[in-house]
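A.B. asks:
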Ligand SMILES: Cc1cc2nc3c(=O)[nH]c(=O)nc-3n(C[C@H](O)[C@H](O)[C@H](O)COP(=O)(O)OP(=O)(O)OC[C@H]3O[C@@H](n4cnc5c(N)ncnc54)[C@H](O)[C@@H]3O)c2cc1C
């Protein structure tokens, strides 16, 4: 019998709620489910919310009775916020979060590099916002509770999954004993130690780095702004790296590397934590300042991915699909992109709009993303924690040169998580005008946000299905309207937006003004082309799959057929 803890987790700032378990005896017999999501972490909940947006119901199994322990992921990128906006939690993240855009790297007491992440008036969100993962999970959980298509079951632990013909059978254990569920699809969002991955005996590819890092969250009143602080080779921890981040609620994250040979158990002894945190505080000029420990943990850097995320009826996502180093804030930020991609691909299959082989596209795209991240993160990891004598020599040369030489300083850039571009996706239109554009988001890129008014942005109006942006103030040609109508009759979710129109446009579901031509310009359409309509087709995850200088009915039909093969 599964007995999750009913004792609220300790925290100096987060009031953990213990939820009631979902018990099979209180519910009628279980019919076969369309989708069961295993795991109520960021990946599982965003997948369920995305599926619900596309009208697909899901059961979410959560082994525990509480949100996750400790702050874990604390830095969320702009693209993550755009995804969270789509599932309705960005406002709460903004209210409670600490936005930032500067990072400082120090060596021998000197600031040797200052990174300024770009932020322009067209961005609704800052490059990064700091929020503890428990809050993020609370906001996602609240959104799930409000969504009638999501059945989130606390205290329900998956213990076995068996693949049958065209579906899976799941054994689920609860505080009153086990029950069985059948589901067409199973989303394995059960985290880095995925039991499903182990049960299916799947191997990940990539590298694991030696050495450990301690993450410690302390409550302390430090007078520094919300900026990333990185200290290389400090006197109290020679050869190693220390990172510091301000978190909401008076908490600071101190993240330091351990000397070779030290075990996690040794590192987490209270006296060891205290000595090192005191040494770090002394180094930044705050020796003796009072602090309290909230949570600490140890991790090692791994760059591993499954080479395929789809295995029969089981689809892996988030940490269950790949393990990425946290340098560059990649864990949860990548999980959102996985979940958003999986949400729409799986919804199209579950609704019969495409065949199961469509999921191979999701896997190809997201494995490609994981591999790109692994390459990037590997570089950051080797700089932060050189894995061999050669790498250390090179890193140390950069450190010492950076004291006097400007040209090496950009090597400190820590390559923050950024959205993968599906430039070679099979869903990109083959005979559109992508190659004729000289700017604007290209095939596979995420969309460019644009400010329309004080608190009104282009992306506020998009999402939930395919979006066709037509840059016109005139009515859409009837032939084009007929293609849109036919696509919708087949069930394809497609919204048409007339950009640059100040009155309703026949054939468009909504119109957005573009008085100063800013949206046109950012989408690579010059003012001289204003006579031509120009158009973009966005997939449900908002990535661009077609763009035209001139759109007509056959071209739209071809693009839709490529973006969603039947
Ligand atoms: C100690 C630690 C520190 C971290 N620090 C950072 C950081 O600083 N920055 C960063 O970006 N990322 C960090 N991460 C990574 C980040 O937390 C993850 O990338 C993120 O949570 C991934 O989300 P997920 O939903 O894939 O997995 P998880 O958040 O791990 O969620 C998995 C969920 O599945 C549930 N589950 C597992 N097995 C079962 C089962 N059999 N049945 C039902 N439910 C099950 C678990 O209880 C959990 O709720 C950290 C992770 C850890 C563990």
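In our numbering, the protein residues as written are 2 to 567.
Ideal placement from N, C-alpha and C gives every residue a C-beta, glycine not left out.
#1: With a threshold of 16 other CB atoms inside 10 Å of the CB of residue 560, please say whether the residue is buried or exposed.
#2: Applying the criterion that 16 or more other CB atoms from any shown protein chain within 10 Å of the CB defines a buried residue, is residue 46 buried or exposed?
#3: Go ahead and pull the three-state DSSP assignment for residue 569.
#4: For residue 196, is the beta carbon positioned less than 6 Å from some heavy atom of ligand 1?
#5: Could you give the first and the last residue of the continuous beta strand (DSSP E) run that contains residue 34?
#6: Just to confirm, are residue 133 and residue 84 a CB contact at a threshold of 7 Å?
#7: Rounded to the nearest angstrom, what separates residue 315 and residue 342 at their Cα positions?
#8: Which residues in the same chain as residue 364 place their Cβ atom closer than 7 Å to its Cβ, once the five residues preceding and following it in sequence are excluded?
#9: Do you know how far the Cα of residue 190 is from the Cα of residue 51?
#10: Only counting the same chain, and skipping five residues up and downstream in sequence, which positions put a Cβ closer than 6 Å to that of residue 499?
#11: Which same chain residues end up closer than 7 Å to residue 221 when comparing Cβ atoms and leaving out the 5 residues on each side of it in sequence?
#12: Cβ-heavy atom distance between residue 39 and ligand 1 below 6 Å?
#13: Using 10 angstroms around the beta-carbon of residue 407, count the other beta-carbons present and answer buried if the total reaches 16, otherwise exposed.
#14: For the alpha helix (DSSP H) holding residue 342, just list the boundary residues, first then last.
#15: Spell out the partners DSSP gives residue 536 in its beta bridges.
#16: Put residue 76 into one of helix, strand or coil per three-state DSSP.
#17: Does ligand 1 have a heavy atom nearer than 6 Å to the CB of residue 43?
#18: On a Cα-Cα basis, can you pick out the residue from 53, 65, 245 that is closest to residue 175?
#19: Which same chain residues, not among the five before or five after residue 558, have their C-beta less than 7 Å away from its C-beta?
#20: Is residue 207 near ligand 1, in the sense that its beta carbon is under 6 Å from a heavy atom of that ligand?
#21: Could you tell me which of 33, 98, 331 sits nearest to residue 185, measuring between CA atoms?
#22: So does residue 65 have its beta carbon nearer than 6 Å to some heavy atom of ligand 1?
#23: What does the Cβ neighbour count give for residue 563, buried or exposed, with the cut at 16 atoms within 10 Å?
#24: Assuming the contact rule is C-beta atoms closer than 8 Å, residue 541 and residue 336 should be a hit. Round their C-beta distance to whole Å, please.
#25: Could you compute how far the alpha carbon of residue 251 sits from the alpha carbon of residue 227?
#26: Just checking residue 336 against ligand 1 - is the residue's beta carbon closer than 6 Å to any of the ligand's heavy atoms?
#27: In the DSSP assignment, what are the bridge partners of residue 179?
#28: Please report the distance separating the alpha-carbon of residue 374 from that of residue 177.
#29: Using 8 Å as the Cβ pair cut-off and three pairs as the minimum, do the stretch 151-162 and the stretch 94-104 touch?
#30: Taking all protein chains shown into account, do 16 or more other C-beta atoms lie within 10 angstroms of the C-beta of residue 1, making it buried, or fewer, making it exposed?
#31: Keeping to the same chain, check which residues put their C-beta closer than 7 Å to that of residue 13; ignore five residues upstream and five downstream.
#32: The beta strand (DSSP E) spanning residue 100 covers which residue range?
#33: Please state if the CB of residue 323 and the CB of residue 370 are separated by a distance shorter than 7 Å.
#34: By the three-class DSSP mapping on this structure, what secondary structure does residue 113 have?
#35: Excluding the five sequence neighbours on either side, which residues of its own chain have a C-beta within less than 6 Å of the C-beta of residue 449, listed in chain order?
#36: Does the Cβ of residue 568 lie closer than 6 Å to at least one heavy atom of ligand 1?
C.D. replies: So, from the data block:
#1: Within the chain shown, the letter at position 559 stands for residue 560. That one is buried.
#2: Here the question's residue 46 lines up with position 45 in the chain shown. Residue 46 is buried by the Cβ-count criterion.
#3: With the chain running from 2 to 567 in the structure shown, residue 569 is simply not present.
#4: Here residue 196 refers to the residue found at position 195 of the chain shown. Checking the Cβ of residue 196 against ligand 1 gives yes.
#5: Here residue 34 corresponds to residue number 33 of the chain shown, with the count starting at 1. Where residue 34 is concerned, the enclosing beta strand (DSSP E) stretches over 34-39.
#6: As a first step, residue 133 is located in the chain shown; it is residue number 132 there, counting from the start. As a first step, residue 84 is located in the chain shown; it is residue number 83 there, counting from the start. Their beta carbons are not under 7 Å apart, which means residue 133 does not touch residue 84 by this criterion.
#7: Within the chain shown, the letter at position 314 stands for residue 315. Within the chain shown, the letter at position 341 stands for residue 342. Going from the Cα of residue 315 to the Cα of residue 342 covers about 15 Å.
#8: Taking the first residue of the chain shown as position 1, residue 364 is located at position 363. Hits under 7 Å: 309, 310, 311.
#9: Reading the chain shown from its first residue, position 50 is the one you call residue 51. Reading the chain shown from its first residue, position 189 is the one you call residue 190. Taking the straight line joining both Cα atoms gives about 14 Å.
#10: Against the chain shown, residue 499 aligns to sequence position 498. Answer for residue 499: 471, 473, 506, 509, 512, listed in chain order.
#11: Along the chain shown, read from residue 1 onward, the residue named residue 221 stands at position 220. Cβ within range, chain order: 253, 290, 292.
#12: Position 38 of the chain shown, counted from the first residue, corresponds to residue 39. Under cutoff, so the answer is yes.
#13: Your numbering for residue 407 matches position 406 in the chain shown. Exposed, because fewer than 16 other Cβ atoms sit within 10 Å of the Cβ of residue 407.
#14: Against the chain shown, residue 342 aligns to sequence position 341. Where residue 342 is concerned, the enclosing alpha helix (DSSP H) stretches over 332-351.
#15: In the chain shown, residue 536 corresponds to position 535, counting from 1. Residue 536 is bridged to 471, 549.
#16: Position 75 of the chain shown, counting from 1, holds the residue named residue 76. In the structure shown, residue 76 sits in a strand (DSSP, three-state: E or B).
#17: In the chain shown, residue 43 corresponds to position 42, counting from 1. Yes - ligand 1 has a heavy atom lying nearer than 6 Å to the Cβ of residue 43.
#18: For the purposes of this step, residue 175 is taken as the residue at position 174 of the chain shown. Out of 53, 65, 245, 65 has the C-alpha closest to the C-alpha of residue 175.
#19: Position 557 of the chain shown, counted from the start, is the residue given in the question as residue 558. Result list for residue 558: 484, in chain order.
#20: Counting from 1 along the chain shown, the entry for residue 207 is found at position 206. Checking every heavy atom of ligand 1 against the Cβ of residue 207, none is found closer than 6 Å.
#21: On the chain shown, residue 185 is found 184 positions in, with the first residue counted as 1. Closest by alpha carbon: 33.
#22: Counting from 1 along the chain shown, the entry for residue 65 is found at position 64. Checking every heavy atom of ligand 1 against the Cβ of residue 65, one is found closer than 6 Å.
#23: On the chain shown, position 562 is the one that residue 563 refers to. Classified as buried, residue 563 has 16 or more neighbouring CB atoms from the shown chains inside 10 Å of its CB.
#24: In the chain shown, residue 541 corresponds to position 540, counting from 1. In the chain shown, residue 336 corresponds to position 335, counting from 1. Rounded, the Cβ-Cβ distance is 18 Å, inconsistent with contact.
#25: Position 250 of the chain shown, counted from the start, is the residue given in the question as residue 251. Position 226 of the chain shown, counted from the start, is the residue given in the question as residue 227. About 11 Å.
#26: Start at 1 with the first residue of the chain shown, and residue 336 comes out as number 335. It does: the Cβ of residue 336 is within 6 Å (strictly closer) of some heavy atom of ligand 1.
#27: Indexing the chain shown from 1 puts residue 179 at position 178. In DSSP, residue 179 forms a bridge with 174.
#28: On the chain shown, residue 374 is found 373 positions in, with the first residue counted as 1. On the chain shown, residue 177 is found 176 positions in, with the first residue counted as 1. Going by the C-alpha atoms only, they are around 42 Å apart.
#29: no
#30: No answer is possible for residue 1: it lies beyond the span of the chain, which begins at 2 and ends at 567.
#31: If you number the chain shown from 1, residue 13 lands on position 12. Contacts found: 220, 293, 295.
#32: In the chain shown, residue 100 corresponds to position 99, counting from 1. Residue 100 -> beta strand (DSSP E) spans 99-101.
#33: On the chain shown, position 369 is the one that residue 370 refers to. On the chain shown, position 322 is the one that residue 323 refers to. Contact check for residue 370 against residue 323 fails: the beta carbons are separated by 7 Å or more.
#34: As a working note, residue 113 is residue 112 in the chain shown. In this structure, residue 113 counts as strand in the three-state DSSP scheme.
#35: Within the chain shown, residue 449 is the residue found at index 448, counting from 1. 442, 523, listed in sequence order.
#36: For the chain, the structure presents residues 2 to 567; residue 568 sits outside this window and is missing.
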